[in-house]
Amino acid sequence: MAETQTGKRVKYLQSDNGGEYKSDKLARFCAERGIQQRFTPPYTPQLNGVAERMNRTLVECARCMMEHAGLGKSYWGEAVMTAMFLRNRCPTRAIHQDKSPYQVWTVKKPILANLKVFGCHAYVQVPQDKRAKFDSKSSLCRFLGYAEHQKSYRFEEVSTGAIKISRDATFMEDKFDEGPRNYNDESSVVEFDDHDEDEEKKRR
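Below, the structure is given as structure tokens:
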């Protein structure tokens, strides 16, 4: 995907010694495409600092969003994906002119007006062909994030737990499973720190 989207060839793939990166299948994939694999020494996460720091940032952000919305750990996957979506749209000092990763990748400024509060309640419109004459026109859902490759949102229907993809919804960004939330606690604030990225650039 990186090659087709940018027109540039991938030359190196650097990773730790995780089994998923040392499989025969991945080795063949890289060899067939002339990609050189680079592995960091065991027990040296500092050599993979940018990735390690980003993982920590996404986990911290996801944890804060789940706590704010009153959602349990079963929602961690949705929260991490949403955290990644938001992080890619935040400017960073690691990129020239403080652009966001999204802007560099797509050469377009991200649209921020469609961002919503993770975990908030929303009434999602039920398509006319999927409801009977006297059925409700909308269903109460939780907002879980943004659909991939679509200009739509991801929801979980409160009554059934079913996942719904829709762009037609009325959001209630102050309503959550445990009632209105109004956090001013500084411990709930996640800073997207670029320190490790700056240090990595200096080492290069």
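Numbering (the numbering used here), first residue to last: 364 to 567. Ideal Cβ positions, reconstructed from N, Cα and C, are used throughout, including at glycine.
Membership of H431 in the alpha helix (DSSP H) is indicated by the continuous run 412-432. Exclusion of the five residues before and after Q488 leaves S501, D531 as the residues of its chain whose Cβ lies within less than 6 Å of its Cβ.
Across the structure, H431 and C483 are spaced so that their CA atoms are roughly 10 Å apart. Assignment of V489 by DSSP, reduced to helix, strand and coil, places it in the coil class. For G508, the beta-bridge partners assigned by DSSP are R517. Contact between I528 and A510 holds: their C-beta atoms lie close to 5 Å from each other, under 8 Å.
The distance from the Cβ of F481 to that of T533 is about 17 Å, inconsistent with a contact at the 8 Å cut-off. In this structure, Y465 and N477 do not form a Cβ contact; the two beta carbons are roughly 13 Å apart against a cut-off of 8 Å. Here DSSP, grouped into helix, strand and coil, assigns T455 to coil. Residue range 532-535 is occupied by the beta strand (DSSP E) that includes A532.
Using a 10 angstroms sphere on the CB of F539, the tally of other CB atoms reaches 16 or more, which defines it as buried.
In the same chain as D461, and ignoring 5 residues on each side of it, the C-beta atoms closer than 6 Å to its own belong to P454, in chain order. Counting other Cβ atoms within 10 Å of its Cβ, E541 stays below 16 and is therefore classed as exposed. The beta carbon of L389 lies closer than 6 Å to none in the same chain, with the five residues before and after it left out. The DSSP-derived three-state label of F392 is helix. Of the candidates A414, R372, N418, D379, R372 places its Cα closest to the Cα of R396.
DSSP places L376 inside the beta strand (DSSP E), whose first and last residues are 375-378.
By DSSP's assignment, S529 forms a beta bridge with Y516.
Taking every protein chain shown into account, the CB of V470 has fewer than 16 other CB atoms within 10 angstroms, so this residue is exposed. Nearest to F506 by alpha-carbon distance, out of N418, M417, F497, R517, is R517. S502 is bridged by DSSP to V487.
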